[in-house]
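In my numbering, the protein residues as written are 603 to 888.
Backbone N, C-alpha and C fix where the C-beta goes; we use that ideal spot for every residue, glycine too.
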Amino acid sequence: MQQRHRGGQWHTRSTDRCVVYLHIPKTAGRTLSSALVKNFPSEKTVHLDILDAEVDEELDKIPLETRSRARLLWGHFPYGVHTHIPRHCEFVTVLREPVARVVSVYKFILRTPRHVLYDRVTRERVSLEDYVESGMDEGQTGNSQTRQLSGRQFGVVDRAALEEAKHNLAGFLVVGLTEHFEETFALLRRSLGLRIPFYVTRNESPPFRASERALELIRERNELDQELYAFARGLFLDQVARQGKTFGLEVSAFRALRPLSRAGGGWAEGFLRKLSDTRAIKRLVG
């Protein structure tokens, strides 16, 4: 049954499942998570950022009652966190082409004073090449998507980890790609029954020109991630192929509205929310 709450927010249909959004850093996750949380009651939402912490210790800090009523678990965490949620979990995630993702991580550090590496990178004028080659942020510059999806938070990331990541990914409800964000969002809307079917684009940054040497270094350090991305792309294309005739129209609607989604501010979000309640849009995204 659908429930409507104050502020005009539609929440997803009542279900015993918990949706687990495994957010891989720099995959357009802020845009996606901001859309997801609007569709779930806040008291049934759990947010975690524990890529660099012991999972068991962090989850023990969350009362069992809170975990038991969770319908959305989202944030930066390794695969396996769901074992602490005492209900059936269904997984969604978004991957990104590995070289572009690492470049995006570096750009994020440069423009984020609160980042732990900001002072060092800016003070010492660390180039992208030096950032990758130094290993100062190995968790984000070396096969990090394979690490996160395999659940090998602190262990060695090898081909066995890659196979674990593939195995885990094959069981996900939705596997999206940053490079095909509108298609990814349409798949999520359909699979999760989102009742606010629009998003406001977050955290876009200007282009960055990387040297060929830097790009080659990233490729060398992300061979497993490149293979995992190709596997994820196959899963994504299979999902798209299973959609009906209206899928293309839905994607086109999201793509046409993207310039407005970039506008930011409460007025844009409010307008999109009202638009999602119109009869024409409801017929389209059904």
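Residue i - containing beta strand (DSSP E), residue span
| i | result |
| --- | --- |
| V648 | T647 to D651 |
| V705 | Where V705 is concerned, there is no enclosing beta strand (DSSP E), although the alpha helix (DSSP H) it sits in stretches over P700 to L712. |
| Y903 | Beyond the ends of the chain as shown, which are 603 and 888, falls residue 903; an answer cannot be given. |
| Y623 | C620 to L624 |
| G677 | L674 to H678 |
| V696 | C691 to L697 |
| G778 | V776 to L779 |
Supposed close pair residue i, residue j - CB separation, criterion 8 Å
| i | j | result |
| --- | --- | --- |
| T695 | I626 | 6 Å |
| A767 | S752 | 4 Å |
| V759 | L837 | Not quite, the Cβ-Cβ distance comes to about 20 Å (not below 8 Å), so this is no contact. |
| V776 | A834 | No, V776 and A834 are not in contact; Cβ-Cβ is about 11 Å, not under 8 Å. |
| R821 | E731 | With 8 Å as the limit, R821 and E731 do not qualify as a contact, their Cβ atoms being about 13 Å apart. |
| E781 | E699 | 6 Å |
| S636 | Y623 | That pair is no contact at about 11 Å. |
Classification of residue i by the beta-carbon crowding that lies within 10 angstroms, buried from 16 upward
| i | result |
| --- | --- |
| F810 | exposed |
| V683 | buried |
| A762 | exposed |
| L790 | buried |
| G846 | exposed |
| T748 | buried |
| T714 | exposed |
| L794 | buried |
| R716 | exposed |
| S670 | exposed |
| R725 | exposed |
| R703 | buried |
| R792 | buried |
Span of the alpha helix (DSSP H), counted from its first residue to its last, around residue i
| i | result |
| --- | --- |
| Y720 | Y720 to R725 |
| G744 | Element bounds for G744: n/a, residue is neither H nor E. |
| L661 | V657 to D662 |
| Q841 | E825 to A843 |
| I820 | E814 to E822 |
| F783 | F783 to L794 |
| R669 | L666 to S670 |
| L764 | R761 to A772 |
| R857 | F849 to A858 |
| A630 | Where A630 is concerned, there is no enclosing alpha helix (DSSP H), given that its DSSP letter is neither H nor E. |
Close Cβ partners of residue i (< 7 Å) along its chain, the five nearest in sequence each way excluded
| i | result |
| --- | --- |
| T668 | V648 |
| D662 | none |
| G631 | H625 and V696 |
| M738 | L719 |
Contacting residues, own chain, Cβ-Cβ under 8 Å from residue i (five flanking each side not counted)
| i | result |
| --- | --- |
| S736 | V728 |
| C889 | With the chain covering only 603 through 888, there is no way to say anything about residue 889. |
| Q841 | V776, V777 and L789 |
| D618 | R689 and H690 |
| L666 | P688 |
| R608 | Because R608 sits at a pLDDT of 31, beneath the cut-off of 50, its placement in the model cannot be relied upon, and the following sentence gives the value as read from the coordinates. Nothing listed; no residue qualifies. |
| L712 | Y720, V723 and T724 |
Residues near residue i by beta carbon distance below 6 Å, same chain, minus five either side
| i | result |
| --- | --- |
| P680 | Q750, G753 and Q755 |
| W869 | Caution is warranted here: a pLDDT of 49 is assigned to W869, below 50, making its placement in the model unreliable, and no coordinate value can be reported. |
| G744 | R823 |
| N770 | Y681 and L751 |
| L796 | N641 |
| R848 | Checking the sequence, you will find Thr at residue 848 rather than Arg. For T848, where only same-chain residues beyond five positions count, there are no Cβ hits under 6 Å. |
| Q828 | P700 |
heavy atom of the ligand MN below 7 Å from residue i C-beta
| i | result |
| --- | --- |
| H782 | With respect to the ligand MN, the structure offers nothing, as it holds no ligand at all. |
Cβ pair residue i, residue j closer than 8 Å
| i | j | result |
| --- | --- | --- |
| I687 | L675 | yes |
| I652 | E660 | yes |
| V549 | E784 | With the chain covering only 603 through 888, there is no way to say anything about residue 549. |
| V734 | L830 | no |
| L779 | L859 | no |
| G677 | L650 | yes |
| L817 | V701 | yes |
| K628 | V707 | yes |
| F787 | F856 | yes |
| V705 | A812 | yes |
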